[in-house]
Amino acid sequence: MSLWEFANPVKFMALSGKVLPWVIGLCAVTLVPGLIWGFFFTPEAAKFGNSVKIIYVHVPSAMMAINIWVMMLVTSLIWIVRRHHVSVRASKAAALIGVTMTVIALITGAIWGQPMWGTYWAWDPRLTSFLILFLFYLGYMALWAAIDNPDTAADLTSVLCIVGSVFAVLSRYAVNFWNQGLHQGATLSLDKEENIADVYFAPMLLCLTGFVLLFVALVLIRTRTELRLVRLHRLDVRERMKDA
Amino acid sequence: MIALLVRDLRLAMRAGGGFGLGLAFFLIVSTLVPFGVGPEAAILSRIAPGILWVGALLACLLSLDRIFQLDFEDGSLDLLATAPIPMEGIVAVKALAHWLVTGLPLTLAAPVLGTLMNLESPGHYWIFITLLIGTPALSMIGAFGAALTVGLKRGGLLLSLLVLPLYIPTLIFGAEAATRGTADLSASTPLLMMAGITAGSIALLPFAAAAALRVNLR
Numbered sequence: 211m212s213l214w215e216f217a218n219p220v221k222f223m224a225l226s227g228k229v230l231p232w233v234i235g236l237c238a239v240t241l242v243p244g245l246i247w248g249f250f251f252t253p254e255a256a257k258f259g260n261s262v263k264i265i266y267v268h269v270p271s272a273m274m275a276i277n278i279w280v281m282m283l284v285t286s287l288i289w290i291v292r293r294h295h296v297s298v299r300a301s302k303a304a305a306l307i308g309v310t311m312t313v314i315a316l317i318t319g320a321i322w323g324q325p326m327w328g329t330y331w332a333w334d335p336r337l338t339s340f341l342i343l344f345l346f347y348l349g350y351m352a353l354w355a356a357i358d359n360p361d362t363a364a365d366l367t368s369v370l371c372i373v374g375s376v377f378a379v380l381s382r383y384a385v386n387f388w389n390q391g392l393h394q395g396a397t398l399s400l401d402k403e404e405n406i407a408d409v410y411f412a413p414m415l416l417c418l419t420g421f422v423l424l425f426v427a428l429v430l431i432r433t434r435t436e437l438r439l440v441r442l443h444r445l446d447v448r449e450r451m452k453d454a
Numbered sequence: 045m046i047a048l049l050v051r052d053l054r055l056a057m058r059a060g061g062g063f064g065l066g067l068a069f070f071l072i073v074s075t076l077v078p079f080g081v082g083p084e085a086a087i088l089s090r091i092a093p094g095i096l097w098v099g100a101l102l103a104c105l106l107s108l109d110r111i112f113q114l115d116f117e118d119g120s121l122d123l124l125a126t127a128p129i130p131m132e133g134i135v136a137v138k139a140l141a142h143w144l145v146t147g148l149p150l151t152l153a154a155p156v157l158g159t160l161m162n163l164e165s166p167g168h169y170w171i172f173i174t175l176l177i178g179t180p181a182l183s184m185i186g187a188f189g190a191a192l193t194v195g196l197k198r199g200g201l202l203l204s205l206l207v208l209p210l211y212i213p214t215l216i217f218g219a220e221a222a223t224r225g226t227a228d229l230s231a232s233t234p235l236l237m238m239a240g241i242t243a244g245s246i247a248l249l250p251f252a253a254a255a256a257l258r259v260n261l262r
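Chains as they are written, first to last, in my numbering: chain A, 211 to 454; chain B, 45 to 262.
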């Protein structure tokens, strides 16, 4: 069994149908306790007060927003190189989830920024790069929506995603160069001695896992819908050919 | 390829070709900004490099859909695609033609418009230099966006949504270099970064744009 077998939508549908309930279940048992633990059973942080608890939504959604774009880049490349039909549908399916995560990260950040920094928005490098990421998602989705033929749309959006990734990375560095920031540096990483305190770390880990699983579940559902949509489109075309 | 360049330039210069439209737009934007922010010389001279950059960028955007759209509609793009020059070359030549009729005039006009905006004396030189280096990247990125949207009926709005985020790094470095130069600070880092973006765009984007055109001509 290789990855390429799942370019056949029938095989993908069969496997994803079996996997999906498990992913949803696992997501429920990680995300729900993670959020409850984070919101109600962690102490208030000095300096931050209760507002620190929004971190359990803010950080995972921000992390997913970036990783979903990376996933779209990989799936777009796979489509360009191998014309893997499921891959490009997954990319389209992921875009809407990615843009939602970006918006959640921006809004929770604004809500958190108001009591902490005294402002909803600052032209901080991290905030600005997220706004730019949001624009890239919008462009990508708009191009999908504008083109009727699904294969043409797949090709063009994949090219856009690849070029866009390069410019998104460039923008990240340009923005860093352009302005100094308010946002704190990374406090969650695998290679550093000092992370956030353990009381906060354990529920955060649960929330991060939960968000990843939530994304996997949503992307599977949406990819299945997309594949059915393509099939419907093909059937529709065939019927019309018969009539004509 | 030279014949194609000459043809494109002639078409653009002719009546209805849109030559000068970008320049007029640039002039109007530079006239409107003081109405919006007030005529104080101090404020105007501080924001002048940034406004000139944003104005040039928008003026450039205005004529992007002409790069391929007309040739696509009357079928000459299909003929060009079957011609013995590679698609990448066609894209590069068309981007060059676009730069010659919009980017270059904008660059030449910017120092003059800078006077309207109370730009201080080294600023004229810096706005000219940064636009001269930066506008080829704008034309090339724009040609890529135009290649993506050429098959669409009303691609104009979508084109700006696709292209403007891609313009961000060029704008940041260009405006930063112009601002620093005007304030007599060292501007070589942003200037070199912008030159890098321009060089990279010219080297790589013709391939992406040609791939998009081939899909659209399929």
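Just so it is clear, CB atoms sit at the ideal spot from N, CA and C, and this is done for glycine as well.
Quick caveat: nothing in here was measured; it's all calculated off a predicted structure.
Where residue i falls: helix, strand or coil (DSSP)
i: B:S230; result: coil
i: B:M45; result: coil
i: A:S381; result: helix
i: A:N359; result: coil
i: A:R444; result: helix
i: A:N277; result: helix
i: B:W97; result: helix
i: B:V50; result: helix
i: B:A263; result: Beyond the ends of chain B as shown, which are 45 and 262, falls residue 263 of chain B; an answer cannot be given.
i: B:M161; result: coil
i: B:G240; result: helix
i: A:W289; result: helix
i: B:S107; result: coil
i: A:Y410; result: helix
i: A:V267; result: helix
i: A:K452; result: helix
i: A:V369; result: helix
i: B:E84; result: coil
i: A:E254; result: coil
i: B:R58; result: coil
i: B:W170; result: helix
i: B:G195; result: coil
i: A:N260; result: helix
First and last residue of the uninterrupted alpha helix (DSSP H) at residue i
i: A:P335; result: P335 to A356
i: A:P325; result: H295 to W327
i: B:G64; result: Unbroken run through B:G64: none, as it is neither H nor E.
i: B:K138; result: M131 to H142
i: A:K221; result: P219 to F250
i: B:F116; result: Q113 to E117
i: B:D122; result: S120 to T126
Separation of residue j from residue i, as counted between CA atoms
i: A:R438; j: A:L445; result: 10 angstroms
i: A:D361; j: B:P78; result: 48 angstroms
i: B:T242; j: B:I177; result: 7 angstroms
i: B:V50; j: B:V259; result: 26 angstroms
i: B:A181; j: B:T174; result: 11 angstroms
i: B:T136; j: B:A253; result: Residue 136 of chain B is actually Ala in this sequence, not Thr. Going from the Cα of B:A136 to the Cα of B:A253 covers about 9 angstroms.
i: A:I321; j: A:Y410; result: 20 angstroms
i: B:A46; j: A:V284; result: Note that residue 46 of chain B corresponds to Ile in the displayed sequence, not to Ala. In a straight line, the C-alpha of B:I46 is about 39 angstroms away from that of A:V284.
i: A:A454; j: A:A384; result: 56 angstroms
i: A:A272; j: B:L144; result: 42 angstroms
i: B:S204; j: B:P149; result: 21 angstroms
i: A:V479; j: A:S226; result: A query on residue 479 of chain A cannot be resolved here, the shown segment of chain A reaching from 211 to 454 and no further.
i: B:L236; j: A:V233; result: 49 angstroms
i: B:L257; j: B:V194; result: 8 angstroms
i: B:I185; j: A:R293; result: 26 angstroms
i: B:D115; j: B:R58; result: 15 angstroms
i: B:Y211; j: A:F251; result: 46 angstroms
Against chain B: residues of the region 223 to 235 of chain A by CB proximity under 7 angstroms
Flagged: no residues at all.
Taking a cut of 8 angstroms between CB atoms, which residues from the region 249 to 280 of chain A lie near chain B?
Considering only beta carbons, no part of the region 249 to 280 of chain A lies closer than 8 angstroms to chain B.
Are the region 322 to 334 of chain A and the region 171 to 190 of chain B touching by the rule of at least three beta carbon pairs closer than 8 angstroms?
Contact between the region 322 to 334 of chain A and the region 171 to 190 of chain B is absent, with fewer than three C-beta pairs closer than 8 angstroms.
Can you pull out the residues from the region 340 to 351 of chain A whose beta carbon lies closer than 8 angstroms to at least one beta carbon of chain B?
Result list: I342, L345, F346, L348 and G349.
Residues of the region 194 to 215 of chain B in Cβ contact with chain A at a cutoff of 8 angstroms, in chain order, please.
If you check each beta-carbon in the region 194 to 215 of chain B against every beta-carbon of chain A, the ones closer than 8 angstroms belong to G195, L196, G199, L202, L205, L206, L208, P209, L210, I212 and P213.
Name the residues in the region 180 to 193 of chain B whose C-beta lies less than 7 angstroms from a C-beta of chain A; which are they?
Those would be F188 and L192, in chain order.
What residues from the region 278 to 300 of chain A come within 9 angstroms of chain B, judged by C-beta to C-beta, listed N to C?
Listed by position, the residues of the region 278 to 300 of chain A near chain B (Cβ gap below 9 angstroms) are I290.
Evaluate the contact criterion for the region 158 to 170 of chain B versus the region 351 to 358 of chain A: three or more CB pairs, one atom per stretch, below 8 angstroms.
The region 158 to 170 of chain B, when compared against the region 351 to 358 of chain A, does not touch it at the 8 angstroms Cβ threshold.
Residues of the region 117 to 132 of chain B in Cβ contact with chain A at a cutoff of 7 angstroms, in chain order, please.
Within the region 117 to 132 of chain B, no residue qualifies.
Should the region 191 to 205 of chain B be regarded as contacting the region 218 to 231 of chain B, the criterion being three or more beta carbon pairs within less than 8 angstroms?
Verdict: no, contact absent.
Cβ-based contacts, 7 angstroms cut-off: residues of the region 418 to 433 of chain A near chain B:
Result list empty, no residue passes.
Near-chain B residues of the region 434 to 446 of chain A - C-beta to any C-beta below 9 angstroms
Within the region 434 to 446 of chain A, no residue has a Cβ that lies closer than 9 angstroms to any Cβ of chain B.
Check whether the region 84 to 91 of chain B and the region 124 to 133 of chain B touch, using three or more Cβ-Cβ pairs below 8 angstroms as the test.
Contact annotation: the region 84 to 91 of chain B does not touch the region 124 to 133 of chain B, with fewer than three C-beta pairs closer than 8 angstroms.
Is the region 364 to 375 of chain A close to the region 281 to 295 of chain A, with three or more CB pairs under 8 angstroms?
These segments touch.
Note down, in chain order, all residues in the region 319 to 342 of chain A with a beta-carbon under 8 angstroms from any beta-carbon belonging to chain B.
Within the region 319 to 342 of chain A, contact with chain B at the beta-carbon level (separation under 8 angstroms) is assigned to I342.
Going along the chain, which residues of the region 68 to 91 of chain B sit with their C-beta nearer than 9 angstroms to a C-beta in chain A?
Result list empty, no residue passes.
For the region 349 to 375 of chain A, which residues have a beta carbon sitting closer than 8 angstroms to at least one beta carbon of chain B?
Within the region 349 to 375 of chain A, those residues whose Cβ lies closer than 8 angstroms to any Cβ of chain B are, in chain order, G349, A352, L353, A356, I357, T362, D365, L366, V369, L370, I372, V373 and G374.
For the region 146 to 158 of chain B, which residues have a CB atom closer than 9 angstroms to at least one CB atom of chain A, in sequence order?
If the cut-off is 9 angstroms between Cβ atoms, the region 146 to 158 of chain B has nothing near chain A.
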